[in-house]
Every structure is written in C-alpha cells, then in structure tokens.
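Numbering (numbering that gives the first Met the number 0), first residue to last: 0 to 233.
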Amino acid sequence: MSKPRHIAILTGAGISAESGLGTFRDVGGIWSRYDWRDLATPEGFARDPAFVLDFYNWRRETVRASEPNEAHRALALLQGEWHGPVTLVTQNVDDLHERAGSPDVIHMHGTHLTALCAACNQRWPAPEVMRPADPCPACDAPRTRPDVVWFGETPYHLDRIGAALASCDLFVSIGTSGTVYPAAGFASTARAAGARTLELNLEPSGNAGLFDEAHHGKASRIVPDWVARLLAER
Ligand code: OAD
Numbered sequence: 000m001s002k003p004r005h006i007a008i009l010t011g012a013g014i015s016a017e018s019g020l021g022t023f024r025d026v027g028g029i030w031s032r033y034d035w036r037d038l039a040t041p042e043g044f045a046r047d048p049a050f051v052l053d054f055y056n057w058r059r060e061t062v063r064a065s066e067p068n069e070a071h072r073a074l075a076l077l078q079g080e081w082h083g084p085v086t087l088v089t090q091n092v093d094d095l096h097e098r099a100g101s102p103d104v105i106h107m108h109g110t111h112l113t114a115l116c117a118a119c120n121q122r123w124p125a126p127e128v129m130r131p132a133d134p135c136p137a138c139d140a141p142r143t144r145p146d147v148v149w150f151g152e153t154p155y156h157l158d159r160i161g162a163a164l165a166s167c168d169l170f171v172s173i174g175t176s177g178t179v180y181p182a183a184g185f186a187s188t189a190r191a192a193g194a195r196t197l198e199l200n201l202e203p204s205g206n207a208g209l210f211d212e213a214h215h216g217k218a219s220r221i222v223p224d225w226v227a228r229l230l231a232e233r
C-alpha cells in the first residue's frame, strides 16, 4: 500500500477525556446527566437562557483548568513533522489542540473561546461569565450566547472539511462515538473518495464497519504510538 501524503483527522470528546473533560455518551457522560434538548438546542436557549449560559460558564471554566494530554501533543507533532498536509478537524469546543501546539485546527462545532451575538452574529472573546443581559459590543442586543453549534444548527467550515475529505489519502477518527452527523459520515465520504480509514478509540465506535483498521485503547497511549510508527515509516 502506498504511503499517505494528505492525512485528515477527526477528533471527538474521547481525545480530551484524559485531560479531565467528560465525554457525552459514555456511562456517566454529560448527556446522561443533562438533557441535550435543554442545553444544546436553540429552543432550549430560548426557553431558559440563564440555565444554558450557566452550563457553558461551568464548561468553559473546566476547560480553562485543564491541560492537553499526550494525544493532543502527538497530533501537534505530526502536523509539524509530516511531509504532506495534515487537516485536523475537531468536534470539541475546547482549545487543547491549540495549547498542545497544533497550528491549524478546524472547530466544526465552534469554540468556548468566543461569544456569539444571536441577533447579528458578531463574535468577540468570551468573558469568564456570560449572562443573558450582556449586550453585544456591535449591535447592543442582549442576545449573547456561546459560539458553539447546537443540534439543529449547521456545523462550521463544511466546505473546507469536504475538500479535505475528497483529497486525503488517509482518514483517521479519534475518540468519537460516530453518532452525530455530519461528522459521523466523514469516514464513508473519505472512503468513497479513495482514502484508507483508521479508527483510534477506547472501543469500537458505532461506525466501526467503516474503518479499514482500528486500534483500541486510551487516546494518550494509542495516538502517540500511531504517530511514532507513522513518522518512523516515512
Ligand atoms: P461521545 O461522548 O459521543 O463519544 C466519545 C467517544 O470517545 C466514545 O466512543 C468513547 O468510547 C471514546 N473514549 C472515551 N474515553 C476515551 C479515551 N480516553 N481515549 C480514547 N477514546 C475514548 O463524544 P463525541 O463523539 O465527540 O456536539 O460527540 C459528538 C458530539 O456530540 C459533540 O461534539 C457534541 C455532542 O453532543 C454538540 O454538542 C453539538
């Protein structure tokens, strides 16, 4: 098999689990303790903005107190050392890839680092605490919300991601359950375009049948092992 040149990587909550950030669907995960309809939909925000903002204030604080782990660092190393493009797409709204040194990260579900005005779409650096009455710095509307993509909304940067899936030789899915679309469909899109597919996850995901190869275990071990092998084989 020929060596890959363009590598496209999708990460999910599992890569940040060992940094102390909870996953969503594992036992004890965030969506087993909270109803996503209340916290991750525009309708939930309209019903109770204070409750939603409190949740994301707590999540943002948890992210600020966390550190990247060996898996984030290994992907940053790969992006720095690989001879071809490495497109890194994440569903995570934390900034642990950036803090590990990744120079270019596509945040398809948004980021905790910015606030978004629900009235005019202005973005600005997220304050430590967001409150429903906070005015937008551009239009003054009191419609501040987290800059995260909720269920029913369109993920960000789909054009750029689609171009990477069409041209990559290797697609790697890391720490994601493969249940939320469109991300859950990326492996089959890349495969249909001719890429080899690899899953690195704690256990076989819901999409396990879409991968040519899989390694199971904790991300902090299996991701650095894979990167080391890849860089050694160049
Ligand atoms: P999930 O919680 O659905 O899946 C996390 C995956 O990580 C599972 O398959 C776990 O087996 C795996 N995992 C857990 N710990 C791990 C570890 N230490 N090392 C490797 N793998 C581990 O999270 P996502 O797939 O990221 O969207 O969820 C996708 C989207 O659903 C999120 O972006 C979020 C959520 O609702 C929105 O909020 C819009």
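C-beta atoms are modelled at their ideal positions from N, C-alpha and C, and glycine is treated no differently.
Between 119, 65, 129, 151, which has its C-alpha nearest residue 138's C-alpha? 119
Take the Cβ of residue 3 as the centre, count every other Cβ of all protein chains shown within 10 Å, and call the residue buried at 16 or more, exposed below. buried
Inter-residue spacing [alpha-carbon to alpha-carbon] between residue 35 and residue 27: 14 Å
Using only the heavy atoms of the ligand OAD, determine whether one of them is closer than 7 Å to the beta carbon of residue 151. no
Beta-carbon spacing of residue 88, residue 109 below 8 Å: no
Could you tell me whether the Cβ atoms of residue 111 and residue 141 are closer together than 8 Å? no
Which full runs of the alpha helix (DSSP H) of 4+ residues lie inside the segment 149 to 211, going along the chain? 157 to 166, 185 to 191
Taking the alpha carbon of residue 191 as the reference point, which residue from 152, 220, 209 has its own alpha carbon closest? 209
Residue environment, residue 79, which counts as buried when at least 16 other CB atoms sit within 10 Å: exposed
CB of residue 179 within 8 Å of CB of residue 199, strictly: no
Mind checking whether residue 204 and residue 177 have CB atoms under 8 Å apart? yes
In chain order, what residues of the same chain lie with their CB nearer than 7 Å to the CB of residue 102, ignoring the 5 residues before and after it? 78
Do you know offhand how far residue 174's Cα is from residue 127's? 28 Å
Is the CB-CB distance between residue 20 and residue 86 below 8 Å? no
Counting C-beta neighbours from all protein chains within 10 Å, is the total for residue 43 16 or more, i.e. buried, or is it exposed? buried
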